[in-house]
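Structure first, then comments.
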Amino acid sequence: MSRIQRQLKVGLEIHTQLKTRRKLFSNSHNNTSILSTKPNSQTSFFDVSLPGTQPKLNKEPLLCALKTAIALNCDVKPVCSFDRKHYFYGDQPLGYQITQHYHPIAKDGHVTLTKKFDGLPNDKTIGIEQLQIEQDTGRSLYRLDGISNIDFNRSNIPLVEMVTAPDFENVEEVRAFIKKFQHMLINLDVCTGELETGSIRVDVNVSIDKHARIEIKNLPTTSAIINAIRYEYKRQCKIVNDGGKIDSIETRGWDGKTTYKLRSKEDSIDYRYMPDPELPLVKLNLNDIIPKVKANMPVSIETKMTELIDGEYKLKLRDANVLMNDPELLAYYKTFYDKCKQQGLENPINWVVHELMGSLTKSDMSFNKDILNIDTFKINKLN
1 MSRIQRQLKV
11 GLEIHTQLKT
21 RRKLFSNSHN
31 NTSILSTKPN
41 SQTSFFDVSL
51 PGTQPKLNKE
61 PLLCALKTAI
71 ALNCDVKPVC
81 SFDRKHYFYG
91 DQPLGYQITQ
101 HYHPIAKDGH
111 VTLTKKFDGL
121 PNDKTIGIEQ
131 LQIEQDTGRS
141 LYRLDGISNI
151 DFNRSNIPLV
161 EMVTAPDFEN
171 VEEVRAFIKK
181 FQHMLINLDV
191 CTGELETGSI
201 RVDVNVSIDK
211 HARIEIKNLP
221 TTSAIINAIR
231 YEYKRQCKIV
241 NDGGKIDSIE
251 TRGWDGKTTY
261 KLRSKEDSID
271 YRYMPDPELP
281 LVKLNLNDII
291 PKVKANMPVS
301 IETKMTELID
311 GEYKLKLRDA
321 NVLMNDPELL
331 AYYKTFYDKC
341 KQQGLENPIN
351 WVVHELMGSL
361 TKSDMSFNKD
371 ILNIDTFKIN
381 KLN
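Numbered according to the working numbering, the sequence shown spans residues 1 to 383.
Set out below in structure tokens:
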């Protein structure tokens with residue numbers, strides 16, 4: 001007997017580290033490339049929760065959050081506030097995280113995935129339920145001898161958490177959304193857009209039909225996200241098809257092959273949210289600030305993709321996506337294209353994307369425009 005096909009529903013919770021000069025509530029230098037920084041070298045008294053220290057909101061993270069909210073077509077709120085989310089863990093010695101639970105900075109946005117730019121069979125609009133500002137925690141480093149150390153460089157780095165509606169119906173929509181969101185952040189210059197370094201961290205909520213959702217955490221790459229969703233969908237379908245029920249919310253982890261239980265609804269933490277008495281309300285004159293923020297935002301990624309695909313460059317979607325991953329690479333390609341065009345040569349996209357980037361990948365090197373300076377090239381047309 002054939003198995004019943006179940007309807008997959010997926011929602012995403014994405015934490016994004018903002019690329020600001022200072023941390024959210026202190027004057028510590030914000031180095032989002034924490035993996036290459038000496039542990040506990042970018043901290044202040046507040047970051048490590050020394051008694052007597054108080055938070056002071058920096059304006060730059062607020063501006064980055066506003067840019068992100070506008071790009072996501074969100075309804076920015078004239079008043080937002082910060083709250084305390086209480087829990088105890090070694091990487092959060094304060095005993096609570098400062099977040100926006102009751103009054104986030106923005107709600108009710110959307111992102112449209114398109115057949116043309118995102119490679120889907122049909123256009124699809126994904127709802128954004130809310131966008132909130134919060135502080136990151138420290139980073140736990142586990143040693144083989146069982147001892148764990150804490151690196152507080154990450155503590156108090158500004159985050160925006162975006163929560164989507166459960167509008168995804170297949171993994172290709174999820175893949176397309178994550179790529180588009182990365183390009184959006186890179187284009188706005190508010191985040192490096194990297195999953196591998198933790199600049200973007202994704203949790204997924206998976207459910208089938210009208211059953212309870214299952215949250216999956218610890219997904220470090222796009223492939224891990226996709227594979228975890230596929231596995232969890234099959235696991236839930238088997239439970240229901242065998243006569244079982246999924247009637248309670250559960251949090252699970254991912255070990256690279258299977259999901260495993262972390263906690264159930266009955267084990268969930270009571271975070272005891274309360275307004276933070278040390279931080280005042282944030283009041284925004286939207287009629288004044290929104291036009292100013294928009295005026296300083298770059299053109300949209302859709303406009304840039306249209307230029308690359310439909311304009312004089314005539315690129316394939318795959319190649320355009322490679323360029324959109326790195327603004328410096330995009331500028332390098334355009335300069336090289338103009339030089340080739342002046343000398344009557346063909347479009348250099350294949351050399352840039354496949355030869356140059358392929359060689360850098362094999363050598364485990366990142367792109368830098370000075371690796372092969374275009375001004376030093378001597379280009380000859382073959383007869």
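Each residue gets a CB set at the ideal place from its N, CA and C atoms; glycine is no exception.
Own chain partners of residue i with C-beta closer than 7 Å, once the 5 adjacent residues on each side are dropped
i, result
"Leu315", "Leu308, Ile309, Ile349"
"Val190", "Leu18, Lys19, Cys64, Lys67, Thr68"
"His86", "Gly95, Tyr96, Tyr271, Arg272"
Residue i - DSSP class collapsed to helix/strand/coil
i, result
"His354", "helix"
"Met162", "strand"
"Leu317", "helix"
"Ser223", "helix"
"Glu194", "coil"
"Ala331", "helix"
"Pro93", "coil"
"His103", "coil"
"Ile70", "helix"
"Met365", "coil"
"Thr20", "coil"
C-beta neighbour in chain C for residue i, strict 9 Å
i, result
"Cys80", "No chain C is present in this structure, which holds just one protein chain."
Contacts around residue i, its chain only, beta-carbon distance under 8 Å, and the 5 residues preceding and following it disregarded
i, result
"Gly243", "none"
"Ala165", "Gly11, Ile126, Gly127, Ile128, Glu129"
"Glu355", "none"
"Met297", "Lys67, Ile70, Ala71, Leu188"
9 Å Cβ cutoff met for residue i and residue j
i, j, result
"Ser208", "Phe181", "The question names Ser, yet the displayed sequence has Ile at residue 208. No. Outside cutoff."
"Val10", "Val202", "no"
"Lys179", "Asn321", "yes"
Nearest-angstrom Cα separation, counted from residue j out to residue i
i, j, result
"Gln92", "Gln132", "19 Å"
"Lys261", "Lys217", "10 Å"
"Lys294", "Arg84", "31 Å"
"Pro277", "Ile246", "40 Å"
"Tyr89", "Ser140", "10 Å"
"Met324", "Gly146", "42 Å"
"Ser49", "Tyr313", "53 Å"
Cutoff 6 Å; reference residue i; Cβ partners in own chain excluding five residues on either side
i, result
"His29", "Gln42"
"Phe168", "Val10, Val174"
"Val396", "Residue 396 is absent from the structure shown; the chain starts at 1 and stops at 383."
"Thr53", "Phe45, Phe46"
"Gly193", "Gln182, Leu185, Ile186"
"Val79", "Leu281, Lys283"
Report yes or no: do the segment 150-169 and the segment 57-65 share at least 3 C-beta pairs separated by less than 8 Å? At 8 Å Cβ cutoff, the stretches touch.
Does the structure place the segment 100-120 close enough to the segment 75-84 that three or more beta carbon pairs sit under 8 Å? Touching, yes.
Mind the definition here: the segment 334-349 touches the segment 135-144 only if three or more C-beta pairs lie below 8 Å; say whether that holds. Too few Cβ pairs lie closer than 8 Å, so no.
Can at least three beta-carbon pairs, one atom from the segment 3-10 and one from the segment 35-44, be found at a separation below 8 Å? For the pair of segments examined, the segment 3-10 was found not to touch the segment 35-44: the number of CB pairs separated by less than 8 Å stays below three.
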